[in-house]
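Quick note: the sequence shown, position 67, residue 998 per our numbering, numbers continuous. Cβ atoms here follow ideal geometry from the backbone N, Cα and C, with glycine treated the same way. Accompanying notes for the structure given below.
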Amino acid sequence: LVAIGGFDKNMPGCMIGIARLNLPAVFVYGGTILPGKLDGKDLDAVSAFEGVGQYNNGEIDKEALHKVECAACPGAGACGGMFTANTMSSAIEAMGMSLPGSASHPAVSTNKSKDSRAAGKAVYKLLEKGIYPKDIMTKEAFENAITVVMALGGSTNAILHLLAIAHTIEVDLTLDDFEKIRKRVPHIADLRPSGKYVMAHLDEVGGIPAVMKLLHDKGLIHGDCLTVTGKTVAENLEQQPDLTDNKSIIDFDNPKHATGPLVILKGNLAPEGAVAKISGLSVTYIKGPARVFDSESKATKAILNDESKPGDVVVIRYAG
């Protein structure tokens, strides 16, 4: 089985299907989008969202907003920053279920075509060797995935999806596992939405294999986990070059945060646990009036109509 996915829901959906069937399988990521360009600056999908806010605040005119909208997404591919799609592609590669390097290849690159062809060859080798998803998707493999997600500053959705995949493959994974790993893994990547760069930039300096090699050298990755290459993580990483970005995108020695940014919270509001992403926060304590909405659309309308003010805490109920 070769499963192809490229966005928020179908990627974990593919992995849940692979886990349920437990046939020799390789996941192929559809690929990340290249950054847009406008006036010498890189743009992504969030740039368009920010542009709407700037227009609403009177900071830019309609023509400027239109230019941003036209330039933000220059072609095929999933959202370019460390949003859900690139987070999950990184996690799936770290887990060993996609080929090394494939998580960061842009959708329109020649490497993406090579990924697809190589996946077909790889799945035949898995069949010949009798290697099944349950042999690869172990507790340690999920820990590798969580480690990479924390290091890159990935999406909170990774927690939701990895728990669902683990449940399907009958691996005992809990919120406590995420928090345990978070406390020992630094957030080392300067990637959007909280940082400067996008996945295509990371691909240029070595991609996920180079990041995993760094983390493995620091003792944060299980090297003995099996992968879809038929080799272990450590054996795969021996063949990979080191990062080449001079610590501009990835910097282990001067991390953005000393610990991972996906924090598990427990308290009276969420006795069984909740997830917060702190990578974009400059403050650790917020107090203000709660503005409660029952849908994202109602919250957006209120914000655009200036019904929510600086200092308000916006709460959206009944949304996943």
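Identify the continuous alpha helix (DSSP H) that holds D1066 and give its terminal residues. 1064-1067
Say whether the segment 951-964 touches the segment 1028-1036, bearing in mind that this needs 3 or more beta-carbon pairs closer than 8 Å, one atom from each stretch. yes
Should D1213 be labelled buried (16 or more other beta-carbon atoms within 10 Å of its own) or exposed? Here residue 1213 is Ser; the residue named in the question, Asp, does not match the sequence. Exposed: under 16 other Cβ atoms inside 10 Å.
Could you check if T1018 is buried or exposed, using at least 16 other CB atoms within 10 Å of its CB as the buried criterion? buried
Beta-bridge partners of I1181, as assigned by DSSP: A1120
Have a look at the DSSP bridge pairing and note the partners of T1099. T1099 is not bridged to any residue.
D1066 versus T1231 - alpha carbon distance: 45 Å
Taking the alpha helix (DSSP H) that Y1249 falls in, what are its first and last residues? No alpha helix (DSSP H) contains Y1249, which DSSP labels as neither H nor E.
Entirely within the segment 1168-1226 and at least 3 residues each: give me those beta strand (DSSP E) ranges in chain order. 1193-1196, 1205-1208, 1221-1224
Work out the CA separation of Q985 and A1233 for me, nearest whole Å. 16 Å
Assumed close pair A1007, G967 - CB separation to whole angstroms, cut-off 8 Å: Not quite, the Cβ-Cβ distance comes to about 13 Å (not below 8 Å), so this is no contact.
Rank T1099, G1012, H1153 by C-alpha distance to the C-alpha of R951 and give the top, closest one. T1099
Inter-residue CB distance, P1227 and A1250 (contact presumed, cutoff 8 Å): The sequence given here places Glu at residue 1227; Pro does not occur at that position. Contact flag correct, Cβ pair sits at about 6 Å.
The segment 1051-1065 in contact with the segment 1107-1124 per 3-pair CB rule at 8 Å: no
May I ask which residues mark the beginning and end of the beta strand (DSSP E) holding L969? 967-969
Where does T1078 land, buried or exposed, given buried means 16+ other C-beta within 10 angstroms? buried
Among all the DSSP beta bridges, which residues are the ones paired with L1157? T1163
What residue range is occupied by the uninterrupted alpha helix (DSSP H) comprising G982? 976-987
Note down the Cα distance separating L1193 from M1013, rounded to an integer number of angstroms. 13 Å
So, with DSSP's three-state summary, where would you put Y934? Per the sequence shown, the amino acid found at residue 934 is Ala instead of Tyr. Looking at A934 - three-state DSSP - the assignment turns out to be strand.
Considering only C-alpha positions, which residue in the set S1086, I991, L1157 is nearest to K1060? L1157
C-beta contact flag for G1154 and A1141 at 8 Å: no
From I1139, N1075, V1159, L1083, residue whose alpha carbon lies closest to that of L1174: I1139
Report the CB separation of G1191 from G1219 in whole angstroms; it is logged as a contact under 8 Å. Between G1219 and G1191 the Cβ distance is about 27 Å, and since that is not below 8 Å, they are no contact.
Under the DSSP definition of a beta bridge, which residues are partnered with K1232? According to DSSP, which records beta bridges pairwise, K1232 is partnered with nothing at all.
Outcome for E994 when other beta-carbon atoms lying within 10 angstroms are tallied against a minimum of 16: exposed
Can you tell me the Cα-Cα spacing of S1210 and L1146, whole angstroms? 19 Å
Could you tell me the distance, in whole angstroms, from the CA atom of F1073 to the CA atom of H1188? 22 Å
Would I1096 be called buried (16 or more neighbouring beta carbons within 10 Å of its own) or exposed? buried
Spell out a yes or no on whether the segment 1116-1125 and the segment 1179-1188 are touching, meaning 3 or more CB-CB pairs, one atom from each, closer than 8 Å. yes
Here's the rule: buried if 16 or more other CB atoms are within 10 angstroms of the residue's CB, otherwise exposed. What is V1136? buried
Based on Cα-Cα distance, which residue from E1238, V1245, V1246 lies nearest to N988? E1238
Measure the alpha-carbon distance for V1245 versus G1051 and round it to whole angstroms. 47 Å
Could you tell me if S1044 is buried or exposed, where buried requires 16 or more neighbouring beta carbons within 10 angstroms of its beta carbon? exposed
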